[in-house]
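Each residue of the sequence shown is one higher than the one before, counting from 1 in the UniProt record's numbering.
Ideal placement from N, C-alpha and C gives every residue a C-beta, glycine not left out.
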Amino acid sequence: MALASCGCRGAHLRTCNASQRCWLSTTACVSSGHNRWSKIRHEKGSNDMARQRVWSAFSGEITTATKMWGPDPNANPRLALALTKAKKAGFPKTNIEAAMARGQGIGPSSYAEVVTVEAMLPAGVACIVEFRTERKAATLQAVRTMVKAISGRESATKFLFSRRGRIVLGRKGKGGGEEEDMDPDEAGMVALDAGAVDVAEEETDDGKKLVVYSEHTDTKAVADRCAEELGVGIEECDIVWVPNEETIVELRDAEAAGKILEFIEKMLNEDLSVVKGCGRG
């Protein structure tokens with residue numbers, strides 16, 4: 001599982017447009033039947049590659065969650081969430097079992113390890129990339145090449161970030177009954193009492209969500225208590241690198257923002273894993 005955290009304010013990134021890319025290809029004229037088969041084959045190949053990337057992401061997430069908090073979904077909210085999503089997407093049971101076995105250090109792939117790359121990107125934006133891989137040298141080289149491609153360089157950056165648990169709360173009524181919005185003030189008080197260090201509303205793919213941050217060692221305990229006392233589901237539960245407030249860069253350079261967006265896009269599309277999140281300012 002790969003994690004990329006950037007020490008810049010996300011709002012400035014979202015306002016910048018990445019440069020347009022134009023693709024040109026030529027081919028000889030062929031009969032309509034052959035052309036139709038070529039299109040089908042091309043589409044099938046693209047679909048297979050996309051599915052492989054998704055399945056690779058599921059496998060990595062299940063392995064990481066199992067390694068962090070054990071193989072029991074009832075005691076491991078992150079694993080429970082990963083299993084639910086994987087099953088809905090049709091991820092094979094044998095693959096799930098294999099991924100959980102790797103997380104417990106069982107089987108031929110137990111030598112997979114977590115590797116970290118620290119880098120400084122354009123405009124002084126600090127970045128940390130983490131990935132779990134069985135091909136350390138090849139994956140490390142691929143990430144370093146992507147960093148250099150946007151005029152970045154490897155440099156110590158961990159001191160600019162804090163390791164935090166990140167918990168995205170769902171709506172009340174998850175798991176049965178009618179769902180309803182929760183009171184942010186009530187949720188914030190419960191989370192802080194449970195040991196959270198910060199609570200914020202953040203924009204996600206499903207709209208605004210209440211996000212709880214904790215010390216990374218307390219992530220599971222805080223998530224469990226929030227779920228129990230608030231009666232909500234846990235939509236995401238992860239450990240991330242959060243940029244320190246006093247060191248966040250106000251990224252106003254459109255060219256630099258475009259390069260950083262390109263870097264994140266490549267991390268998403270390359271066969272490494274999936275970028276889980278960017279540091280929010």
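Open item on the list: Quick check on the DSSP output: the alpha helix (DSSP H) that includes residue 243 runs from which residue to which?
Closed with: Not the alpha helix (DSSP H): residue 243 falls in the beta strand (DSSP E), residues 232-243.
Open item on the list: Quick check: the stretch 91-98 against the stretch 123-132, are at least 3 beta-carbon pairs closer than 8 Å?
Closed with: no
Open item on the list: I'd like to know if the stretch 138-148 and the stretch 188-207 are in contact, where contact means that at least 3 CB-CB pairs between them fall below 8 Å.
Closed with: no
Open item on the list: Quick check on the burial criterion: 16 or more other C-beta atoms within 10 angstroms. Buried or exposed for residue 223?
Closed with: buried
Task: Residues that DSSP places opposite residue 169 in a beta bridge - done: 234
Open item on the list: Check for me: the beta strand (DSSP E) holding residue 78 runs from which residue to which?
Closed with: Looking at the DSSP string, residue 78 is not in any beta strand (DSSP E); the run it does join, the alpha helix (DSSP H), is 77-88.
TODO: For the stretch 111-123 and the stretch 251-266, state whether three or more C-beta atom pairs, one from each stretch, are separated by less than 8 Å.
DONE: yes
Open item on the list: With DSSP as the reference, identify every bridge partner of residue 295, one or two as the case may be.
Closed with: There is simply no residue 295 to check, as the chain begins at 1 and stops at 281 in what is shown.
Task: Span of the alpha helix (DSSP H) around residue 150 - done: Careful: residue 150 lies outside any alpha helix (DSSP H) and carries neither H nor E.
- [ ] Give every residue of the same chain whose Cβ lies closer than 6 Å to the Cβ of residue 237, excluding the five residues on either side of it in the sequence, and list them in chain order.
- [x] 77, 78, 167 and 223
Open item on the list: Let's test the definition: count the other Cβ atoms within 10 Å of the Cβ of residue 207 and tell me whether it reaches 16, buried, or not, exposed.
Closed with: exposed
TODO: Determine which residues share a DSSP beta bridge with residue 208 and list them.
DONE: 203
TODO: For residue 62, I'd like the list of residues in its chain whose CB is within less than 8 Å of its CB, leaving aside the five on either flank, ordered along the chain.
DONE: 79, 82, 83, 86, 96, 99, 100 and 103
- [ ] Kindly list the residues whose CB is nearer than 6 Å to the CB of residue 28, restricted to its own chain and excluding five residues on each side of it in sequence; keep chain order.
- [x] At residue 28, the pLDDT of 39 sits below 50, so the modelled position is not reliable and the matter cannot be decided from this model.
Task: Contact under 7 Å by Cβ, residue 172 with residue 232 - done: yes
Task: Rounded C-alpha distance that separates residue 133 from residue 64 - done: 11 Å
TODO: Decide if residue 170 is buried, meaning its Cβ has at least 16 other Cβ atoms within 10 Å, or exposed.
DONE: buried
Open item on the list: Just to confirm before moving on: does the CB-CB distance between residue 242 and residue 153 stay below 7 Å?
Closed with: no
TODO: Could you check the C-alpha separation between residue 162 and residue 198 for me, to the nearest Å?
DONE: 13 Å
Task: Under 7 Å between C-beta atoms of residue 239 and residue 217 - done: no
Task: Buried or exposed (CB count within 10 angstroms, at least 16 for buried), residue 227 - done: buried
- [ ] Kindly list the residues whose CB is nearer than 6 Å to the CB of residue 265, restricted to its own chain and excluding five residues on each side of it in sequence; keep chain order.
- [x] none
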